[in-house]
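Counting in UniProt numbering, the sequence shown runs from 1 upward without gaps.
We treat Cβ as the ideally placed atom computed from N, Cα and C, and that holds for glycine.
Below is one structure, written out as structure tokens; comments come after it.
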Amino acid sequence: MTREILLFAEHHITQGHPVALVSITKTNGSSPASLGQLMAVLQDGSIKGTIGGGTTEYQVIQMAISAIQNREKIFEFNFNHAESGMVCGGGMSGFGHILGNENHLYIFGGGHVSQSLAKVASLTGFHVTIIEDRPELKDSFTNVQYIVSTAKDYHNHITISPFAYTVICTRGHQTDEDALKFCISQHPQYIGMIGSKSKVRTLFERVRSAGYTQDQLDSIYTPIGLNIASALPTEIAIAIMAEILIIKNKGTLEHKRNQQS
1 MTREILLFAE HHITQGHPVA LVSITKTNGS SPASLGQLMA VLQDGSIKGT
51 IGGGTTEYQV IQMAISAIQN REKIFEFNFN HAESGMVCGG GMSGFGHILG
101 NENHLYIFGG GHVSQSLAKV ASLTGFHVTI IEDRPELKDS FTNVQYIVST
151 AKDYHNHITI SPFAYTVICT RGHQTDEDAL KFCISQHPQY IGMIGSKSKV
201 RTLFERVRSA GYTQDQLDSI YTPIGLNIAS ALPTEIAIAI MAEILIIKNK
251 GTLEHKRNQQ S
């Protein structure tokens, strides 16, 4: 059963879903849990395995869901079953380790800006996934996950976590539009797209006519990045990453020298 639980966790992590791996480290009395029992919990409350069932297992599942939502790394628990309303008595202790909730950046497109952005994102501790339909560009990247996919297969190859960040900088208007529609459907916490204001206006008109709402479009960061008055790929990448870090860290855009001491 342990192997099945670990495979379940691995499958969902690779699909972009964080998993809480719960382990029992101590039991006493007539607890229904056993030392070393494992249970994997997803954000939607789905589980694989058990730590004895009943009220305490339900409470641990709720703790796991909360930990995933709050991007915690570890949570601990210690239950007296009698106090929890269980007739078995005894108690159990353990912890949950949240896996797969690292900062993750999905970049649609494999051009020069994407190559620079992947490097900058990796330096800031992000796991990077490139989505591109040209396999020959794979060698332009290092230390990334490279997915070869066309838009019609995005849903078969990619599942984006609500904690993730996405950047759209493909080689054409149609591929940008396809990537944008997919990203909106995945509900990540950040969607950014490269493009001039005129390009964005035209693309948004097409996306809106396809049934997407103005609220959805208003959430897109485009034109992307901070205004650093540069057209160099590396500097554009830094401007994009700076914007992402402001979102991630809930920061504000201001010079530190202007802050009140």
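Check, Outcome
"Element boundaries [beta strand (DSSP E), containing Tyr106]", "His104 to Phe108"
"Rounded separation between Met63 and Ile13 - CA only", "19 Å"
"Proximity to Ile184 [Cα-Cα], best of Glu72, Ala164 and Gly251", "Ala164"
"Cβ-Cβ separation, Met92 to Ile179 (assumed contact under 8 Å), whole Å", "Here residue 179 is Ala; the residue named in the question, Ile, does not match the sequence. Going by Cβ atoms, the distance from Ala179 to Met92 rounds to 46 Å, so no, they are not a contact pair."
"DSSP-derived helix/strand/coil call for Met1", "coil"
"Contacting residues, own chain, Cβ-Cβ under 6 Å from residue 284 (five flanking each side not counted)", "In the structure as shown, the chain begins at 1 and stops at 261. Residue 284 is therefore absent and cannot be evaluated."
"From Asn227, Thr222, Gly110 and Ile24, residue whose alpha carbon lies closest to that of Tyr146", "Gly110"
"Any 3 or more C-beta pairs closer than 8 Å across the stretch 15–26 and the stretch 146–162", "yes"
"Runs of alpha helix (DSSP H) lying entirely within the stretch 131–198, each at least 4 residues, in chain order", "154–157 and 173–186"
"DSSP three-state assignment for Glu235, whether helix, strand or coil", "helix"
"Three-state secondary structure (DSSP) of Ile61", "helix"
"6 Å Cβ shell around Ile247 - same chain, five flanking residues per side excluded", "Tyr190"
"Enclosing beta strand (DSSP E) for His17 [first to last residue]", "Neither: His17 is in no beta strand (DSSP E) and is coded neither H nor E."
"Nearest residue (CA-CA) to residue 305, options His112, Ser116, Tyr106 and Lys73", "What the structure shows of the chain is the stretch from 1 to 261, and residue 305 is not part of that stretch, so it cannot be assessed."
"Three-state secondary structure assigned by DSSP to Thr124", "coil"
"Cβ-based neighbour list, Phe182, same chain, cut-off 6 Å, excluding 5 preceding and 5 following", "Tyr154"
"Residue of Gly29, Gly36 and His11 minimising C-alpha distance to Ser23", "Gly36"
"C-alpha distance - Ser66 paired with Ala231, whole-angstrom precision", "42 Å"
"Cα-Cα separation, Asp218 to Glu205", "12 Å"
"Close-in-space but distant-in-sequence residues of the same chain around Ile47 (CB under 8 Å, 5 per side omitted)", "Met39, Ala40, Val41 and Ile61"
"Closest by C-alpha distance to Phe126, when choosing among Ile107, Pro135 and His112", "Ile107"
"C-alpha gap between Tyr212 and His173, whole angstroms", "17 Å"
"Residue from Gln43, Thr129 and Asp176 whose Cα sits closest to the Cα of Gln69", "Gln43"
"Reduced DSSP category for His97 - H, G, I as helix; E, B as strand; rest coil", "strand"
"Straight-line Cα distance separating Ile5 from Phe77", "20 Å"
"Cβ separation of Val120 and Ile220, assumed to be a contact under 8 Å, to the nearest whole Å", "About 21 Å separates the two Cβ atoms, so there is no contact after all."
"Inter-residue spacing [alpha-carbon to alpha-carbon] between Thr142 and Gln59", "42 Å"
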